[in-house]
Structure formats: C-alpha cells, structure tokens
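In what follows, a structure is listed as structure tokens, so that the remarks can point back to it.
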DNA sequence: ACCTTAATTGGATTGATTCCGTTTTGTAAA
DNA sequence: TTTACAAAACGGAATCAATCCAATTAAGGT
Ligand SMILES: [Mn+2]
Ligand SMILES: [Mn+2]
Ligand SMILES: [Zn+2]
Ligand SMILES: [Zn+2]
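What follows is the structure, encoded as structure tokens:
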C-alpha cells in the first residue's frame, strides 16, 4: 500500500482530494510509526499553520474506517500508524517511547479457533510493549 | 484471593483500613467483571452519597499497584476487575457490553520467547472482545 | 483521649476528543 | 470557464475521563 493506493481508496469512497489529506498520509507513510493526533497536528502545522484539530480527527477517523491507518492506545492516548499490510493479518511489538514497531508474524487467534463458546467474537488485540534500541537509556527518543 | 487476603495486602503495605475500601473491594469481588470508575462510584454512592471521584481513582490506583485489581481499556475508558488469580498468568475474552469475562488459559508470549531482539519487553496484552450470551440481542445487558 | 498522618471531600483543572455554526474549497454540471 | 452544491476545514466551545489541590475528617498508634 502506497500513497497513490490510499488516495484512490479515498476517491473510490467518494471522499474529496485535498492537499491536507495528502500531507497527512505523507506523514503517516514516512514516519511509519504510531502517532498521536497531537503529533500529526504539530507536523501538519509546519505546512498549514492554522490547521484545526477537527480536521486531524475527522480525517484520521475516515482513514481508519477505510483501513488506511490502524489505531491503538497506550498511556491514555489513541495513536495511529499507516496500515502496514492490508493483506496479511499480523501483530506488533511497539516501542512506547517513539511508537515504532516490529512485526509479529503469528496471530494467537489461530490457536484459539473453535475454543470460545457463548461469546460472539468481535475482535481481538495482541500487542507486545517495550523500548526499542534507539530509545533505551536516558536520552530522548530518536524519531 | 478473597476479600480478607486483599485487606491484608493493604495493611501489609501500610495503607489504612477504611469502610470505603472494603466496600470497593466488595463491589469488585461480587461483580467479578470489568467496571469503569463511574460504575464503581455509582454503586458506592448508594452507601456513601457524598463519595468523591478522587477517592475512587486513588483507591483503584492503589489496588492496581498491589495487584488487587487488574485494568484494561475499551471504548476510550479504563476499566478494572478483581484480579482473578494471582498465581497463574492468563488472558481474557471480554464482553464489551457488560464487562464479564471468560478465561483463556494460554498465553501467546510462550510461543514468542526468544524471538524479539532490539527490544526491551515491558509488557504485553492479549484480549479477545465480543458479546456474551446474556448481552446478545437488543435487550439491555444483564449484570 | 490525643496526636500524627493518611484518607476523603468538593471543587477546580487538565487534556484528549467531539461538536457545531460559519467559511472555504473541491468537483461536477452547465 | 463559470456556477452550484456538498464536503471539508476553521475556530472555538463543549464534553468527559482523569488528575490535582487546599481544607476537613478519620484511622490507628501512643
Ligand atoms: Mn506491521
Ligand atoms: Mn481470569
Ligand atoms: Zn523507540
Ligand atoms: Zn455481556
């Protein structure tokens, strides 16, 4: 999934092309790590000083619905990253300092299938948290 | 782990015994499902009308630190339940309507061990979400 | 009973997220 | 290329969970 594919996805679902949306995707794409809404806003305001929080949240919500970004939450804040692979389902090891990830190819649900009764399964979450090599020590996280 | 053990844990760590703390544990114990701070407050105010949010949050935070309750988060709200078993590590299938759980005995970390390099692991989360038998359909969740 | 300190209160504050009326902009039709 | 209309963005207010704080109350040891 690249920028063009994502923009096509927007168009296919009747959303308009705007330079703000393109920049937002650009940011997610080049950072390729989990970002909070505030981090996205800060980066976007370098190009669009008056940009509103509402624009960030509205577009993130659209992006998430279309599968362009995927979200999670830690330290009481939601974070989002470019959906790294739309074909194969997998999970992540996440650095809680800088939001960078490593992939876990296995999904524990495969071992669970058939197990749960009396529950209509709607989703699952498997994440490993830690500190990446660049962030360990006292120094500020390198992005 | 029962009420007495939990109260002993408090005492052992130098916290005072109060009827509010006992009631709070009582509630977690008899509900044995995930509760939000607001739900705990509402139930406690039946006995202590003037009870403050701060008391709920402060005590939850102490309970979590001592391992008396365990917390998670969904729909943008933190929730807590009595720590169901202090000896064996396991995970849960959670009903996102009523907060009741079923146990998953396996932990996917066992299969991962040895895998991750360049990451100092600090924690992990494996949860399956769904709707329990009592909550499915249109009717209100039965607690 | 008294003293010291922790616990609780109640109200203010923070901070993330959502909401909303107004203005601007993208896009398709004329 | 203009025009028209709906969607997007703006800016600021509102919401809501969670935290903070100064003043009061209560627990537990002496
Ligand atoms: Mn990935
Ligand atoms: Mn359990
Ligand atoms: Zn890192
Ligand atoms: Zn349920």
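Residue numbers (full-length UniProt numbering), protein chains in the order written: chain B, 1 to 143; chain A, 1 to 143. From the three backbone atoms N, C-alpha and C, an ideal C-beta is built for every residue, glycine too. From a predicted model like this one, the values you see are computed outputs, not experimental measurements.
To which residues does DSSP link residue 207(A) through a beta bridge?
-> Residue 207(A) is absent from the structure shown; chain A starts at 1 and stops at 143.
Using the DSSP secondary-structure output, state which residues sit across from residue 101(B) in a beta bridge.
-> Along the first chain, one-based indexing puts residue 101(B) at 101. Its beta-bridge partners are 94(B).
Thinking C-beta only, is residue 76(A) closer than 9 Å to residue 78(B)?
-> The residue you call residue 78(B) lines up with position 78 of the first chain. The residue you call residue 76(A) lines up with position 76 of the second chain. Yes; because the gap between Cβ atoms is below 9 Å, this pair is in contact.
List the whole-angstrom C-beta distance separating residue 102(B) from residue 119(A), where the pair is believed to meet the contact cut-off of C-beta under 8 Å.
-> Residue 102(B) sits at position 102 when you count from the first residue of the first chain. Residue 119(A) sits at position 119 when you count from the first residue of the second chain. That belief holds up - the Cβ atoms of residue 102(B) and residue 119(A) are roughly 6 Å apart, short of 8 Å.
Do the stretch 86–96 of chain B and the stretch 45–63 of chain B meet, that is, are 3 or more Cβ pairs less than 8 Å apart?
-> no
Using 8 Å as the cut-off, classify the Cβ of residue 131(B) as near or not near the heavy atoms of ligand 3, replying yes or no.
-> Working through the first chain from its first residue, we reach residue 131(B) at position 131. True, at least one ligand heavy atom lies under 8 Å from that Cβ.
State buried or exposed for residue 49(B), treating a residue as buried only when at least 16 other CB atoms are found within 10 Å of its CB.
-> As a first step, residue 49(B) must be located in the first chain, where it is residue number 49. Exposed, because fewer than 16 other Cβ atoms sit within 10 Å of the Cβ of residue 49(B).
Please compile the residues from chain B whose C-beta is within a distance smaller than 8 Å of the C-beta of residue 133(A).
-> One-based indexing of the second chain puts residue 133(A) at position 133. 118 and 119, listed in chain order.
Measuring only between beta-carbons, confirm whether residue 34(A) sits less than 9 Å from chain B.
-> Indexing the second chain from 1 puts residue 34(A) at position 34. No, residue 34(A) does not count as interfacial toward chain B.
Proximity test, residue 31(A) beta-carbon vs ligand 2 heavy atom, cut-off 8 Å = For the purposes of this step, residue 31(A) is taken as residue 31 along the second chain, with counting starting at 1. The answer is no for residue 31(A).
Could you tell me how far apart the beta carbons of residue 39(A) and residue 124(B) are, in whole angstroms, since I believe they sit closer than 8 Å?
-> Translated into positions along the second chain, residue 39(A) becomes position 39. Translated into positions along the first chain, residue 124(B) becomes position 124. With a Cβ gap of about 24 Å, residue 39(A) and residue 124(B) do not count as contacting.
Any C-beta of chain B sitting closer than 9 Å to the C-beta of residue 88(A)?
-> Here the question's residue 88(A) lines up with position 88 in the second chain. Not flagged as an interface residue toward chain B: residue 88(A), since no C-beta distance is shorter than 9 Å.
Does the distance from the CB of residue 25(A) to the CB of residue 82(A) come in under 9 Å?
-> For the purposes of this step, residue 25(A) is taken as the residue at position 25 of the second chain. For the purposes of this step, residue 82(A) is taken as the residue at position 82 of the second chain. Yes, the pair counts as a contact, with Cβ atoms nearer than the cut-off.
What in chain B is Cβ-close to residue 129(A), meaning under 8 Å?
-> Within the second chain, residue 129(A) is the residue found at index 129, counting from 1. Near residue 129(A) (Cβ distances below 8 Å), the residues of chain B are 121, 122, 123, 124 and 125.
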